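The opening position of the sequence shown corresponds to residue 118 in our numbering, with each subsequent residue numbered one higher.
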Amino acid sequence: MRIILIISGVVFALLLGAGGVGYIWWRVNGEELVEAGQQAMEEGRAFGETGDKAGCVAVALERVADCEGFSCELSVQVFLTGCLASSQATPGFCAGVPRRREILGTVRWRAGVCDAVQLPADGSCGRLLGPVQEFCFPDS
């Protein structure tokens, strides 16, 4: 019983410490992250006004190929979301895109898209395609 209490105390202390570190990190970096997200969204919307949805995905895939790190990847996802919202329709754009809850279909579809541009599907390329699914199926 004593060991369980000690382990529980240690786990609680670690969680509390991680929460504190996260809070401090957000206080230092949060404003910068929010501003970068707003800038990426505006850039995506501006780019989208000059092209179509397929072009948005193509540019986002090019950008994510050069990314290093989570913040870059997140910025490209936000860019893609803004671009998809303001771009012209591409005929058949959502054809073959599965709903996010269709897990096997999602894995296959993302792998196919990433293979076509010669990027690993288990990395930033696969994660980038989430906004496409959200655009095609906003209700799921």
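Glycine included, each C-beta is placed from N, C-alpha and C at the ideal position. Predicted model, so just to flag it, every value in this text is computed and none were measured.
Query: For Met158, count the other beta carbons within 10 Å of its own beta carbon; 16 or more makes it buried, fewer makes it exposed. Which is it?; Result: buried
Query: Counting pairs of beta carbons, one from the stretch 180-195 and one from the stretch 147-162, are three or more of them closer than 8 angstroms?; Result: yes
Query: Going along the chain, which unbroken runs of the alpha helix (DSSP H) with 4 or more residues stay wholly within the stretch 157-203?; Result: 170-182, 187-203
Query: In angstroms, rounded to a whole number, what distance separates the CA positions of Gly209 and Ala171?; Result: 10 angstroms
Query: Check whether the Cβ of Gly209 sits closer than 7 angstroms to any heavy atom of the ligand ZN, and report yes or no.; Result: This structure lacks the ligand ZN, and indeed carries no ligand of any kind.
Query: Ignore the nearest five residues each way along the sequence and tell me which others in Cys173's own chain have a CB closer than 8 angstroms to its CB.; Result: Gly161, Phe164, Gly165, Leu197, Cys200, Leu201, Ser204
Query: DSSP has Gln86 in a bridge; who is on the other side?; Result: Coverage of the chain is limited to positions 118 through 257, which leaves residue 86 absent and any answer about it impossible.
Query: Roughly how far, in whole angstroms, is the beta-carbon of Thr207 from the beta-carbon of Asp169, given that I think they are within contact range, below 8 angstroms?; Result: 4 angstroms
Query: Are the CB atoms of Val214 and Cys253 nearer to each other than 8 angstroms?; Result: yes
Query: Does the count of Cβ pairs from the stretch 232-248 and the stretch 178-192 closer than 8 angstroms reach three?; Result: yes
Query: Going by the beta-carbon positions, is the gap between Ala177 and Leu245 smaller than 8 angstroms?; Result: yes
Query: Under three-state DSSP, which class holds Arg216?; Result: coil
Query: DSSP state of Pro255, grouped into three classes?; Result: coil
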